[in-house]
Each structure stands twice: as structure tokens, then as C-alpha cells.
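The sequence shown runs 3 to 212 under my numbering. Every residue, glycine too, gets a C-beta built ideally from N, C-alpha and C. Model, not experiment: these values are computed from the prediction.
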Amino acid sequence: MFIRNYMLSKGNLTTVELEENLGSALEKINEGNFLSLPVLDGNEFKGILMKEAVYRNYLESEKCNKDEYLSNTKVKEIYNNSYESISADERIEKASYLLKELRTPFLPVFDSNNKFVGILTHFAIFNAFSEIFGIDKGTRIVVNMFDLPGQLARLTDLIRKENINIINFAIMDPKVLDLIQVILRVDTDDVDKLVDKIQSAGFKIGEVTK
């Protein structure tokens, strides 16, 4: 799953320019109900303007005329030019890690020629992982098993022999010694029969969501 498939492309973004005044920038932020916007200098990505920074700078400047502040202060005076970027050809897992660690509202995305092509948001990450987990597909079965070699292969082979398609699965650590949770999404019309087969094979079912 590549970032280019989930990013918001540059042509669909609301952006602000370095030389734009804060009044204009704040209007764009409020109209789109944004918390931040990409800052550009022509076609070049320069940084991030946070809505919070516009108000914080006003309060810290102790200027009494808000309209004058918004009209005379430019984006280039308060935007954040410290950012981490990512390549459009990177996989979505790396972007998820960076967004979590950096606590940034979005990641600017660049192509192989180092050209700014869009941004990747937290919402895009959520959508990507929703696809991975197949949240809107099939039946969800949680199987608790001992973390022993061959257990997962035995489970999937059992399901294969029932001629049932596994849409996807994930392995979670329930923080219980020597146990793992396998979260399956399966495509079957007879879930009860499959659950009985899994339990008969010695596995413990934790949850079934149809």
C-alpha cells in the first residue's frame, strides 16, 4: 500500500502563500474547518500554518487591534518551517509511524524528483488501515491461541479445508503471557459451522461479529 494511493493530491488542496496576510489565511482555515494548512511559495512547499499559531501569536504580541494584526501580519512571519516529509513511493506503514511520533497534522509528500505532490493526513491513514482490516467486509472472528510454532498454519489450513475465503487477518498481542489473538475476516454464509470447527480443533474463540 503506497502513499501515492492515499494522499490528498496538490491540486485538491487548500493552501496559503508565504506573502499572504493572516486575515486571508484565517478565512481559508475557517471556511474549510481546518486546523492547519500547507504553506507554499509558488509551487514549492515551505511549511505548515496552524490555526492555533495565528491566535497564539496575536495574544503574545499584545496588539489590541485584531483587524490590523490580521491585515498586516503575513504567513511567513509565523508559519512553521520545520517539518518531516515522505516520498509518494513509500509504504503507508512508515507514514503511520511518522504521524504518530511527530504529532504533526499531516506529512507533505514529494515525488522521485523531489517535487511537492500532496499531503498525507491522519484520516487517510485511518482509511488505509480500514481497508487492510476489511472493516466493512465479511465476518470478524477473534481466535485466542498459544504463541507456538505451527499454530497459525494449522488454523488457516483448517479454514482452507472448509473452502472458506480469508479476506484478511491480523495478529495482536493481548499482553497475556504466551498468548496471541488472531483477528480473522472471513467470507462465509455459515459462520456457526466454521466456529464449531475452529473450537473442535482446540482453539478458543474470543469474539464473533457478523
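Let's test the definition: count the other Cβ atoms within 10 Å of the Cβ of residue i and tell me whether it reaches 16, buried, or not, exposed.
i: Arg-93; result: exposed
i: Thr-211; result: exposed
i: Ala-97; result: buried
i: Ala-203; result: exposed
i: Ala-126; result: buried
i: Ile-143; result: buried
i: Ile-161; result: buried
i: Arg-187; result: buried
i: Glu-101; result: Residue identity check: residue 101 is Leu in the sequence provided, not Glu. Buried, since its Cβ has 16 or more Cβ neighbours within 10 Å.
i: Ile-173; result: exposed
Leaving out the 5 sequence neighbours to the left and right, which residues in its chain are closer than 6 Å to residue i when beta-carbon positions are compared?
i: Thr-75; result: Leu-24
i: Phe-148; result: Asp-180
Please report the residue range of the alpha helix (DSSP H) in which residue i lies.
i: Glu-29; result: 24-33
i: Leu-100; result: 94-104
Quick one: residues in its chain with C-beta nearer than 7 Å to the C-beta of residue i, no 5 flanking neighbours on either side, listed in chain order?
i: Ile-121; result: Met-9, Leu-10, Leu-15, Pro-40, Phe-108, Leu-109, Pro-110 and Val-111
i: Asn-1; result: Because the chain in this structure spans residues 3 to 212, residue 1 falls outside the shown range and cannot be described.
i: Val-18; result: Ala-27, Lys-30, Leu-39, Val-41, Leu-51 and Val-77
i: Lys-12; result: Phe-118, Val-119 and Gly-120
i: Arg-105; result: none
Over what stretch of residues does the beta strand (DSSP E) that includes residue i continue unbroken?
i: Lys-48; result: 46-52
i: Ile-207; result: 206-211
i: Asp-69; result: Segment 68-74 is the alpha helix (DSSP H) holding Asp-69; no beta strand (DSSP E) there.
i: Leu-196; result: No beta strand (DSSP E) holds Leu-196; the alpha helix (DSSP H) holding it covers 193-202.
i: Ser-38; result: 38-43
i: Leu-109; result: 108-112
Leaving aside the five residues before and after residue i along the sequence, list all residues of the same chain whose C-beta is less than 8 Å from its C-beta, in chain order.
i: Ser-89; result: Ile-5, Val-111, Phe-112, Asp-113 and Ser-114
| Segments assigned beta strand (DSSP E), at least 3 residues, entirely inside the stretch 118-190 | 118-123, 141-148, 167-174 and 181-189
| For the 8 Å Cβ check, are there 3 or more pairs between the stretch 19-34 and the stretch 145-165? | no
| Is it a yes or a no for the stretch 79-86 touching the stretch 46-62, going by three-plus beta-carbon pairs under 8 Å? | yes
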